[in-house]
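In what follows, a single structure is set out as structure tokens and then discussed.
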Ligand code: CMX
């Protein structure tokens, strides 16, 4: 894995969270994007070599809605950039980590993504992501 690509933060209200994080970081989000397959709306802030992704649910079935109901707003996942997501998925599966999808999915910000179940990573949801060239 190359680096932490972004940290995902689950929020209830994306507009309010955008205002707060714009003030906090001193920059505006560079992108807002809805990911229909994940039932989320996202916005991204570039902070040096890493990013902050704010995620709000677009419907009650969203993983973000469930997360906020259980744990409240806060850090939802850590995403690592990889060169070859297929190789990393195969490596992690062989190491015994539980992958949440058998092949990469298309995620926000022009990425192929795959999640690793938090119960196999000490309670932290991990995302692998690879830029789509
Ligand atoms: N971080 C840490 N723990 C988490 C978690 C998270 N983000 N989400 C759920 N959990 C924990 C729950 O607290 C619960 O723990 P306990 O068993 O101790 O109570 C356990 O995982 C099961 O949680 P659940 O509410 O019953 O939820 P599910 O099992 O239905 O789903 C998960 C959990 C991780 C498999 C699901 O949220 C998932 O598939 N996530 C990946 C997809 C996703 O998060 N998409 C939204 C973002 C997309 C994007 O970035 O574009």
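Numbering (my numbering), first residue to last: 1 to 133. Where is the CB? At the ideal position from N, CA and C, for every residue including glycine. None of the values given here were measured: they were computed from a predicted structure.
| Item | Value |
| --- | --- |
| Answer with buried or exposed for residue 41, where buried requires no fewer than 16 other C-beta atoms within 10 angstroms of its C-beta. | buried |
| Say the cut is 6 Å; is the CB of residue 118 nearer than that to a heavy atom of the ligand CMX? | yes |
| For residue 113 and residue 127, which I take to be in contact (beta-carbon distance under 8 Å), what is that distance rounded to the nearest angstrom? | 6 Å |
| Can you give the Cα-Cα distance for residue 108 and residue 123, rounded to whole angstroms? | 23 Å |
| Given a cut-off of 7 Å on the beta-carbon distance, is the pair residue 81 and residue 3 in contact? | yes |
| Smallest Cα separation from residue 10: which of 50, 46, 78 and 25? | 78 |
| Are residue 43 and residue 54 touching if we call contact CB-CB under 7 Å? | yes |
| Once DSSP output is grouped into helix, strand and coil, what is the label at residue 102? | coil |
| Using a threshold of 7 Å, state whether the C-beta atoms of residue 29 and residue 45 are closer than that. | yes |
| Is it true that the CB of residue 101 sits closer than 7 Å to the CB of residue 132? | no |
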